[in-house]
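Enquirer: Going down the list, the protein sequences come from chains A and B. Numbered according to the working numbering, the first sequence terminates at residue 264, and the numbering increases by one at each position without gaps. Numbered according to the working numbering, the second sequence terminates at residue 453, and the numbering increases by one at each position without gaps.
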Amino acid sequence: MSSHPSSPHYYHSADLGRFGEIARGNKDLADKFFAWYGAVFAEGALTAREKSLIALAVSHAVQCPYCIDAYSKDALEKGSNIDEMTEAVHVAAAIRGGASLVHGVQMLNHADDLGM
Amino acid sequence: MSRILQTLEKRGSSLASGLGQRKRLSEFTLPRSFESALDSSSLWPLHPTRVEVLQINLGKRCNQTCKHCHVDAGPDRKEVMPRPVVEAVFRFLERTRVPTLDITGGAPELHPDFREMVVRASDLGAHVMHRCNLTAVLLPNYADIPALLARHRVEVVASLPYFQGRETDAQRGDGVFDESIESLRRFNALGYGKGTGLTLNLVTNPVGTYLPPDQGSLETRWKAEMRRRYGIEFDRLFTITNIPISRFLEFLEERGKTHEYLTMLANAYNPAAAAGVMCRNTLSVGWDGRLYDCDFNQMLDLPIDASVPQTIADADLTLLEGREIAVGPHCFGCTAGAGSSCGGAVA
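#1: Apart from the five residues on each side of it in sequence, which residues of its chain come closer than 6 angstroms, Cβ to Cβ, to residue 141 (chain B)?
#2: Quick check: is the beta carbon of residue 150 (chain A) nearer than 8 angstroms to any beta carbon in chain B?
#3: With 8 angstroms as the threshold, decide whether the Cβ of residue 289 (chain B) is near any Cβ in chain A.
#4: What would DSSP say about residue 163 (chain B), mapped onto helix, strand or coil?
#5: Figure out for me which residue from B:264, B:203, B:127 has the closest Cα to the Cα of residue 408 (chain B).
#6: For a cutoff of 8 angstroms on Cβ pairs, would you count residue 168 (chain A) as touching chain B?
#7: Taking the alpha carbon of residue 232 (chain B) as the point to measure from, which residue in B:124, B:239, B:208, B:247 has its own alpha carbon closest?
#8: Here's the rule: buried if 16 or more other CB atoms are within 10 angstroms of the residue's CB, otherwise exposed. What is residue 210 (chain A)?
#9: By a C-beta neighbour count over all protein chains shown, 10 Å radius and 16 as the cutoff for buried, is residue 149 (chain A) buried or exposed?
#10: Would you say residue 327 (chain B) faces chain A, with C-beta separation under 8 angstroms as the test?
#11: Between the region 250-273 of chain B and chain A, which residues of the former have CB atoms less than 8 angstroms from a CB of the latter, in chain order?
#12: Please tell me whether residue 358 (chain B) and residue 438 (chain B) are closer than 8 angstroms, where the distance is taken between their beta carbons.
#13: Assuming residue 451 (chain B) and residue 374 (chain B) form a contact by the criterion Cβ under 8 angstroms, report the distance between their Cβ atoms to the nearest whole angstrom.
#14: Which residue spans inside the region 296-324 of chain B form an unbroken beta strand (DSSP E) run of at least 3?
#15: Going along chain A, which residues have a C-beta under 8 angstroms from residue 350 (chain B)?
#16: Identify which residue in B:313, B:349, B:297 has its Cα closest to the Cα of residue 340 (chain B).
#17: Rounding to the nearest angstrom, what Cα-Cα distance links residue 93 (chain B) and residue 206 (chain B) in this structure?
#18: For residue 395 (chain B), count neighbouring Cβ atoms within 10 angstroms of its own Cβ and tell me buried if that reaches 16, exposed if not.
#19: Residue 211 (chain B) touches chain C at which residues, Cβ-Cβ below 9 angstroms?
#20: Pull up the DSSP beta-bridge partners for residue 351 (chain B), would you.
#21: Just to make sure I have the definition right: I need the residues of chain A whose C-beta is within less than 7 angstroms of the C-beta of residue 136 (chain B). Which are they?
#22: Between residue 281 (chain B) and residue 109 (chain B), which are expected to be in contact by the criterion C-beta below 8 angstroms, what is the C-beta distance as a whole number of angstroms?
#23: Is the separation between the beta-carbon of residue 426 (chain B) and that of residue 157 (chain B) shorter than 8 angstroms?
#24: Listed from N- to C-terminal order along the chain, which residues in the region 303-320 of chain B have their beta-carbon within a distance smaller than 8 angstroms of any beta-carbon of chain A?
#25: Taking the alpha-carbon positions, what's the residue 372 (chain B) to residue 363 (chain B) distance?
#26: Does DSSP put residue 375 (chain B) in a helix, a strand or coil?
#27: Going by alpha carbons, who is nearest to residue 430 (chain B) out of B:420, B:440, B:415?
#28: Is residue 384 (chain B) closer than 8 angstroms to residue 448 (chain B) when the C-beta atoms are compared?
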């Protein structure tokens, strides 16, 4: 049961710390997810700091407040600075904006097809 | 942040006293006590391994007023180690031959006997470490000190929270970053950090309420950035966690984040870091000659084990190595994540 049964809000910052409770309905899948998640963010061909910045950008692209909370702190704890974090968010915004705008070519295709 | 702030002491804050800080810290309920965390690692009660470092705090005078300062140091503080205590320190060193003398403050250069202490400790064959805020040695009356340190091959441990001005000045005061870079260039010009055997280590601590980055990977990045941006070389980078006492505790209180920060530290307890905490090989001496388990306990007025002599004048190394180390919730700062000490991460 939610710890905020009477709250009118969908998002609660404290719920980030309760992420592990997702195992309640299927521990096996949760264990697999968290093990994989940990492996994804380990130092590899990309540094842990680079992965944290990617995660921060994606957090904004998917507009997940839990993720923005977690990866703003994580990016700082990996040694990134506000300049770098801001540029990462701009990358997310550029891709989101570009993704909309590039569909404008489809619009042009339809307009050309329909027009004279 | 303006260049100079008033200290907690000057403002009459309840957090100016060690007792006031300990009282406030005791009011928070944490996931577990530090004692029980140590007990879970078979480290309770905590004892020293061997005293290898004598860390002397020459006083609270400083030309900076950093937001996170655990000493509450600043220009308005008057405490300096008196001459009889200085002599007691050297009698202890001569008697025990503890191999390392770690000199801290405040800004230790501002002590009138600093130069003499460096020479005497060096003549005794001690490895001397100088904790340097980088800007005090730019002051006209102290500009000779870097060359003195070089002549006596003193290890310089210099504070620099970040390789950019915004972050550094936010913590240490406006203009501190640019002056720090100038100071580091002067140390480099003397051969420090250039592979000549003159050791220049940097210390970074988070500019906020989060844990420090991984020390190894951060050092690699810092070396590249300091070289590329400023042409500066150094030997090691030490990451240090902000300890929730004194002015950093005030910062947490102002943000309403004390409980959150303490809980974060407690949840990040690392048994491997606990085994390597600096109080196990370091003895701390206050400006007034009183002994403490570490510089943080010193600022909390948390006394050393009552069963051993309490001052450097009466210190007995054998008894000190058998003492029980005093701990409190602030100690989670030294055991969180990779751990934290005056020499950086410990695990």
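Using N, Cα and C, we set each Cβ at its ideal position, and we do this for glycine too. These numbers were taken from a predicted model, which means no experiment stands behind them.
Expert: On the basis of the supplied data:
#1: 150
#2: Bear in mind that the predicted position of residue 150 (chain A) carries a pLDDT of just 49, short of 50, making it unreliable; the figure below should be weighed with that in mind. It does not: the Cβ of residue 150 (chain A) has no partner Cβ on chain B nearer than 8 angstroms.
#3: no
#4: strand
#5: B:127
#6: no
#7: B:208
#8: exposed
#9: Caution applies to residue 149 (chain A), whose pLDDT of 45 falls short of 50 and renders its modelled position unreliable; the value that the coordinates give is listed next. Classification of residue 149 (chain A): exposed, given that the 10 Å Cβ count is below 16.
#10: yes
#11: 268, 270, 272, 273
#12: no
#13: Not quite, the Cβ-Cβ distance comes to about 13 angstroms (not below 8 angstroms), so this is no contact.
#14: 306-310
#15: Near residue 350 (chain B) there are no residues of chain A at all, since even the closest Cβ is about 17 angstroms away, more than 8 angstroms.
#16: B:297
#17: Not covered by the structure: residue 93 (chain B). The range shown for chain B is 107 to 453.
#18: buried
#19: Of the protein chains in this structure, namely A and B, none is chain C.
#20: Looking at the DSSP assignment, residue 351 (chain B) forms no beta bridge with any residue, so it has no partner.
#21: None at all; the shortest Cβ gap to chain A is about 15 angstroms.
#22: 6 angstroms
#23: yes
#24: 312, 314, 316, 317, 318, 319, 320
#25: 14 angstroms
#26: strand
#27: B:415
#28: yes
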